[in-house]
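Structure record follows, encoded as structure tokens.
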Amino acid sequence: MCCNDKIVYPYIPNSSPKTQREMLDFIGVESIEDLLVDIPQELRINGDMDLPDPCLSEAELYRHMIPILEKNTSVREAISFLGAGCYDHQVPAIVDEIISSGEFLTAYAGEPYEDHGRFQALFEYQSMMAELLDVDVCNVPTYDGAQAAGTALRMASRIVGRGSVILAGAINPDRKKVIETYLDSVLSIRTVGYDSETGLVDMEGLRQKLDKDVAAVYVENPSYLGSIETQGRFIADMSHEAGSLFVVFVDPSSLGVLQPPSRYGADITCGDIQPLGIHMHYGAGGGFIATSDDPAIVEEYPSRLFSLAPTSHGEWGFGDVLWERTSFANRDNAKEFVGTHAALWGIAAGVYLATMGPKGMEELGRGIMQRSLYAKRLLSSLPGVKVDRFKSISFKEFIVDINATGKTIKELNGYLLEKGIFGGKDISSEFPELGQAALYCVTEMVSPEDIETLVEAIRGFLA
Amino acid sequence: MDMKTKLRRFHQASWDEPIIFELSEPGQRGVLIPRVGSKVKDEVGDGISEIPSCVRRTDLPDLPEMGQFQVLRHFNHLAQENLGADYNVDIGQGTCTMKYSPKVNEAFVSNHKMADIHPCQEESTVQGALEIMYRLGECFREICGLDCFSLQPGGGSHGALAMASVVRAYFKGKGEDRDEVITTFFSHPADAAVPIVKGFKVVVLPPDEEGLPDLEAFKAALSERTAAIFFTNPEDTGIYNSRIREFTGLARSVGALCCYDQANANGLLGIARAKEADFDLSFFNLHKTFSSPHGCGGPATGLVAAREYLRDYLPAPLVIKTGNSYSLDWDLPKSCGKVKSFYGTLPAIVRAYAWIRTLGADGLKEASMVAVLNNNYVMKKLLAIKGCSMAYPHHRARVEQVRYSWERMKEETGFGTGDVQRRIADFGTHYWSSHEPWVIPEPFTIEPCESYSKADLDEYCAILERISYECYNEPEIVKSAPNSSTIHHVDHDVLDDPERWAITWRSYRKKYDGYFKKK
Chain A
1 MCCNDKIVYP YIPNSSPKTQ REMLDFIGVE SIEDLLVDIP QELRINGDMD
51 LPDPCLSEAE LYRHMIPILE KNTSVREAIS FLGAGCYDHQ VPAIVDEIIS
101 SGEFLTAYAG EPYEDHGRFQ ALFEYQSMMA ELLDVDVCNV PTYDGAQAAG
151 TALRMASRIV GRGSVILAGA INPDRKKVIE TYLDSVLSIR TVGYDSETGL
201 VDMEGLRQKL DKDVAAVYVE NPSYLGSIET QGRFIADMSH EAGSLFVVFV
251 DPSSLGVLQP PSRYGADITC GDIQPLGIHM HYGAGGGFIA TSDDPAIVEE
301 YPSRLFSLAP TSHGEWGFGD VLWERTSFAN RDNAKEFVGT HAALWGIAAG
351 VYLATMGPKG MEELGRGIMQ RSLYAKRLLS SLPGVKVDRF KSISFKEFIV
401 DINATGKTIK ELNGYLLEKG IFGGKDISSE FPELGQAALY CVTEMVSPED
451 IETLVEAIRG FLA
Chain B
1001 MDMKTKLRRF HQASWDEPII FELSEPGQRG VLIPRVGSKV KDEVGDGISE
1051 IPSCVRRTDL PDLPEMGQFQ VLRHFNHLAQ ENLGADYNVD IGQGTCTMKY
1101 SPKVNEAFVS NHKMADIHPC QEESTVQGAL EIMYRLGECF REICGLDCFS
1151 LQPGGGSHGA LAMASVVRAY FKGKGEDRDE VITTFFSHPA DAAVPIVKGF
1201 KVVVLPPDEE GLPDLEAFKA ALSERTAAIF FTNPEDTGIY NSRIREFTGL
1251 ARSVGALCCY DQANANGLLG IARAKEADFD LSFFNLHKTF SSPHGCGGPA
1301 TGLVAAREYL RDYLPAPLVI KTGNSYSLDW DLPKSCGKVK SFYGTLPAIV
1351 RAYAWIRTLG ADGLKEASMV AVLNNNYVMK KLLAIKGCSM AYPHHRARVE
1401 QVRYSWERMK EETGFGTGDV QRRIADFGTH YWSSHEPWVI PEPFTIEPCE
1451 SYSKADLDEY CAILERISYE CYNEPEIVKS APNSSTIHHV DHDVLDDPER
1501 WAITWRSYRK KYDGYFKKK
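This is the structure:
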């Protein structure tokens, strides 16, 4: 081919000059430019876009992309103790297999006929989440757990008809920023801290702030600092007595061994689905909102809710519940808005839950508890290292406090990184009252040997 | 009638697939969990006895119990009952740009160097991710002409939320209490719904006789209360508003910000930009114009672009480059806050970057030019079909999509767009009846983006021609449609009835005995 030949792009079949000519003749114009008559010259880009030379072939694209990817170190190449809202869990190969199928990966908004599979897969996702959470309703995924939290609080406000919410306990600061964005200009936020002894919700503080303006009390369980909240029932009762709803953000990976929030009085449960078989992708997302089947609550979901429906031939059919709620149907009169969120992650989480089954979820929770206890036991043997900052039980995350060593977490993490270890998240600026403290996360991906390696590395650092 | 184009004798997979709970065989396992070993067990016990009894779950969640092969087969059946863009001429989902998502890009996304990195890792260990995020912004500097970029929003509506949040923060910073946003009738529904979430009142401009936002109504709506305009251009009609600068100029004259919904920018790459039309903010769906697959509805990205003077108001953090290293800049004291946990949807970002890099400036422009060509080719073919017309017919050339109408067919046969939608599934493709409300009667929106060949387009047009013929001449086959889909006609009545809807399997079992027999 001569170098002056026009490139025929493999992704643009009609970039072939021959085809273009046929099509232009059919339309009855000379050139494509004749079809752009409505775009005046003064609105046109002056000249060409100044972009790097294209990597036209796949080989050239690989040559460009792979060296960039190589600059990352994945958790597969290190020992990672990072959590704080994004978790490295085992992702069964069939999850990736199913969500990378062209049928699911490249579909979008087909009807319940030609996209029956998508409706059924997401209905099953909703149904399996409902079992895990012990509720009757769960939505098609939101962008992430943070949005789920923000929307759960706005739902509560609409249901109760009040304009304030309380965020109580140690809340994930990154998530809190998102909640603030969702509530800004519409709802006011009051905060209640955590008890410095237990790390659990400060009940006295809550009692003081809870009044007739409060639509909902929001807590995270386990809390950001790792503690398993044991006062759920009391908080629920207090909230209900004040006419407020109780909203709980929960880590679904804990629910094989921890009670689902609905059982201690949560009216709305929300959270991230990322721990359920979704790769981290530098902070991927996918969130859920779950409630009872009370129509007054169901009406306040902005999200899509897929229901079973009968067909003329006795098959399982599906459709959208209360379509008129949604912004697709009702634009400026909708409940918040719905759009392209994270459906594929919902399918992934569904495959994950079906693969894990009840025993898998129970073993997951048990194994995390054991590893976390083991890690705490070994770490507490180190001079100046404290893992019992809070008198409460933790699930997969806990605080490692090195104040007594006179060193900083930044120094420690720098040392660990050289040893191929991602130390726990430095929270010394997020929670200055804890001083030099890090949030450690131990999932089933961390082996007992990994924990021993960590402990020996810290011993070396302190020596 | 197109007699040359052969229509498929299609039948979609119909596995009569049970709901997954019906497949449960107690005792089966789909996957095993890494064990802790006897040493740890001896040291710390069973772990769960430590959990206070008031929060300890003692029953097992009632999830299905299945072997791995059985789970795989179930979901593969469901996949076969789903019509991805990879399987059909997917031009019926106008506004959504169902383009080819190149397979080569999946290798980058699924690589553990992208899939298994944690957002709290030291920046030195995620330079590759940060570099791609930064470089994608640099590409958009050329694509839209604006200066700063946030990749945080998780979809188009989320991009609109970020814009509305920036507008809020901007006026708050200036101490102005503006509370109105103006959008247009043929903009995406999110442009009307989202600003309300941020406490704005929304004014929706009606279309004029040309199908464009009514300029007089716009002038009347503008005031010192106006915080921003949220416009799409071209709108869902595919008509480019050549007077857009009059609108942005007027908005600017009352001190409002100009926000551009470029969720779909597929007809404009290398041709016309936000900058030249005087917009301050814009968002782009990486899962539409920039080839990231739609994933049944996300995960996705609504990249937000802003002029330099709005940088400080964007969702923090932004990716910056210092020397040869990349980092997250959290130092945005006036930031509108965050819209999403962490920094953005990396898979969509990586795919979009790879797509842009493989096409380059010429290829991007070619994509848009061919999208325009395809659209006008299809338009001419569809307008020749009996019963089909388009809204605002005096605009002959359209950009990347067209909103059509079956109004005449509905009058003449009783069949409208919903009937075509049911019947088209029998031909192995898909069709969408357009955003509501239907101010254009019996609407449908076709967007034949650059991924489709002339033969693909001919096939799709021939299908619509065939269905029109059936509506006029063979009504029975349309009435009973879909006839060769996975399932048959769905009774929608249960979906609005709290006594009868069943949003989960357990809810179904509570409400019904046997097949939809109320308890």
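Residue numbers (this note's numbering), protein chains in the order written: chain A, 1 to 463; chain B, 1001 to 1519.
Beta carbons are placed, not taken as given, at the ideal position from N, Cα and C, and that holds for glycine.
None of these values were measured; they are calculated from a predicted model.
Beta-carbon proximity check, residue i vs residue j, cutoff 8 angstroms
{"i": "alanine 296(A)", "j": "isoleucine 159(A)", "result": "yes"}
{"i": "methionine 1098(B)", "j": "tyrosine 108(A)", "result": "yes"}
{"i": "valine 385(A)", "j": "lysine 376(A)", "result": "no"}
{"i": "glycine 1154(B)", "j": "valine 1319(B)", "result": "no"}
{"i": "valine 217(A)", "j": "serine 188(A)", "result": "no"}
{"i": "threonine 1183(B)", "j": "glutamate 1235(B)", "result": "no"}
{"i": "phenylalanine 1427(B)", "j": "isoleucine 1477(B)", "result": "no"}
{"i": "phenylalanine 464(A)", "j": "proline 302(A)", "result": "Past the boundaries of the shown model lies residue 464(A); chain A is included only from 1 to 463, so the question cannot be answered."}
{"i": "leucine 462(A)", "j": "leucine 382(A)", "result": "yes"}
{"i": "proline 1061(B)", "j": "glycine 256(A)", "result": "yes"}
{"i": "tyrosine 125(A)", "j": "isoleucine 347(A)", "result": "yes"}
{"i": "leucine 1078(B)", "j": "glutamine 120(A)", "result": "yes"}
{"i": "alanine 1192(B)", "j": "valine 1202(B)", "result": "yes"}
{"i": "arginine 1398(B)", "j": "methionine 1379(B)", "result": "yes"}
{"i": "isoleucine 399(A)", "j": "leucine 258(A)", "result": "no"}
{"i": "methionine 49(A)", "j": "glutamate 1142(B)", "result": "yes"}
Rounded separation between residue i and residue j - CA only
{"i": "lysine 1527(B)", "j": "tyrosine 1508(B)", "result": "The shown model of chain B, from 1001 to 1519, leaves out residue 1527(B), and the question about it has no answer."}
{"i": "glycine 1084(B)", "j": "glutamine 1262(B)", "result": "24 angstroms"}
{"i": "isoleucine 524(A)", "j": "serine 1049(B)", "result": "Outside the displayed range of chain A (1 to 463) lies residue 524(A), so it cannot be described from this structure."}
{"i": "valine 1089(B)", "j": "glycine 1173(B)", "result": "48 angstroms"}
{"i": "leucine 56(A)", "j": "glutamate 1224(B)", "result": "50 angstroms"}
{"i": "leucine 1007(B)", "j": "leucine 1373(B)", "result": "23 angstroms"}
{"i": "arginine 118(A)", "j": "methionine 1133(B)", "result": "30 angstroms"}
{"i": "phenylalanine 1230(B)", "j": "glutamate 452(A)", "result": "56 angstroms"}
{"i": "phenylalanine 1256(B)", "j": "aspartate 1177(B)", "result": "Contrary to the premise, residue 1256(B) reads as alanine rather than phenylalanine in this sequence. Their Cα atoms are separated by approximately 12 angstroms."}
{"i": "proline 1018(B)", "j": "valine 192(A)", "result": "47 angstroms"}
{"i": "alanine 1361(B)", "j": "isoleucine 235(A)", "result": "58 angstroms"}
{"i": "phenylalanine 1444(B)", "j": "aspartate 332(A)", "result": "22 angstroms"}
{"i": "tryptophan 316(A)", "j": "glycine 1363(B)", "result": "45 angstroms"}
{"i": "valine 1180(B)", "j": "alanine 1227(B)", "result": "One point to set straight first is that residue 1180(B) is glutamate, not valine, in the sequence displayed. Those two C-alpha atoms are separated by around 5 angstroms."}
{"i": "proline 1315(B)", "j": "lysine 176(A)", "result": "14 angstroms"}
{"i": "serine 1389(B)", "j": "proline 1441(B)", "result": "10 angstroms"}
{"i": "proline 468(A)", "j": "isoleucine 68(A)", "result": "With chain A covering only 1 through 463, there is no way to say anything about residue 468(A)."}
{"i": "glutamate 204(A)", "j": "alanine 290(A)", "result": "28 angstroms"}
{"i": "isoleucine 148(A)", "j": "proline 432(A)", "result": "The sequence shown places alanine at residue 148(A), rather than the isoleucine named in the question. Computed Cα separation, rounded: 28 angstroms."}
{"i": "threonine 464(A)", "j": "glycine 365(A)", "result": "Since the first and last residues shown for chain A are 1 and 463, residue 464(A) lies out of range."}
Buried or exposed (CB count within 10 angstroms, at least 16 for buried), residue i
{"i": "aspartate 1456(B)", "result": "buried"}
{"i": "leucine 1146(B)", "result": "buried"}
{"i": "arginine 1423(B)", "result": "buried"}
{"i": "methionine 1001(B)", "result": "exposed"}
{"i": "arginine 76(A)", "result": "exposed"}
{"i": "aspartate 1497(B)", "result": "exposed"}
{"i": "lysine 1288(B)", "result": "buried"}
{"i": "glutamine 41(A)", "result": "exposed"}
Near the ligand NAP: residue i beta-carbon under 7 angstroms from a heavy atom
{"i": "glutamate 411(A)", "result": "In terms of ligand content, the structure shown is empty, and the ligand NAP therefore cannot be addressed."}
### Message
To test your reading of the DSSP string, which unbroken alpha helix (DSSP H) runs of 4 or more residues are found completely within the region 1044 to 1106 of chain B?
### Response
List check, alpha helix (DSSP H) in window: 1068 to 1080.
### Message
Tell me which residues of the region 393 to 408 of chain A have at least one Cβ-Cβ distance to chain B shorter than 7 angstroms, keeping chain order.
### Response
The residues in question are Ile393.
### Message
In chain order, what are the residue ranges of uninterrupted alpha helix (DSSP H) at least 4 long that sit wholly in the region 1462 to 1501 of chain B?
### Response
Within the region 1462 to 1501 of chain B, the complete alpha helix (DSSP H) runs of at least 4 residues are 1475 to 1479.
### Message
My parser needs the beta strand (DSSP E) runs of 3 or more residues fully inside the region 263 to 306 of chain A; what are they?
### Response
268 to 272, 287 to 291, all fully within the region 263 to 306 of chain A.
### Message
So within the region 1243 to 1306 of chain B, which uninterrupted alpha helix (DSSP H) runs reach at least 4 residues, ignoring any that extend past its ends?
### Response
Segments of the alpha helix (DSSP H) lying fully in the region 1243 to 1306 of chain B: 1244 to 1253.
### Query
When you check each C-beta in the region 94 to 114 of chain A against every C-beta of chain B, which residues fall closer than 9 angstroms?
Among the residues of the region 94 to 114 of chain A, those with a Cβ less than 9 angstroms away from any Cβ of chain B are Ile94, Asp96, Glu97, Ile98, Ile99, Ser100, Ser101, Gly102, Glu103, Phe104, Leu105, Thr106, Ala107, Tyr108, Ala109, Gly110, Glu111, Pro112, Tyr113, Glu114, in the order of the chain.
### Query
What are the complete alpha helix (DSSP H) segments, minimum 4 residues, inside the region 1107 to 1184 of chain B?
Taking only runs of at least 4 residues, the alpha helix (DSSP H) segments lying wholly in the region 1107 to 1184 of chain B are 1112 to 1115, 1127 to 1144, 1156 to 1174.
### Task
Give the residues from the region 1064 to 1084 of chain B that approach chain A closer than 8 angstroms (Cβ to any Cβ), ordered along the chain.
For the region 1064 to 1084 of chain B, which is checked against every Cβ of chain A, the residues closer than 8 angstroms are Pro1064, Glu1065, Met1066, Gln1068, Val1071, Leu1072, His1074, Phe1075, Asn1076, His1077, Leu1078, Ala1079, Gln1080, Glu1081, Asn1082, Leu1083, Gly1084.
#### Entry: Near-chain B residues of the region 41 to 57 of chain A - C-beta to any C-beta below 9 angstroms
Cβ contacts with chain B come from Glu42, Leu43, Arg44, Ile45, Asn46, Asp48, Met49, Asp50, Leu51, Pro52, Asp53, Pro54, Cys55, Leu56, Ser57.
### Task
Anything in the region 1213 to 1235 of chain B with a Cβ closer than 9 angstroms to a Cβ of chain A? List those residues in chain order, please.
Sequence-ordered contacts of the region 1213 to 1235 of chain B with chain A read Pro1234 [C-beta pairs closer than 9 angstroms].
### Under 7 angstroms (Cβ pairs) to chain B, residues found in the region 173 to 186 of chain A
Shown in chain order are the members of the region 173 to 186 of chain A whose Cβ falls below 7 angstroms from a Cβ of chain B: Asp174, Arg175, Lys177, Val178, Glu180, Thr181, Asp184, Ser185, Val186.
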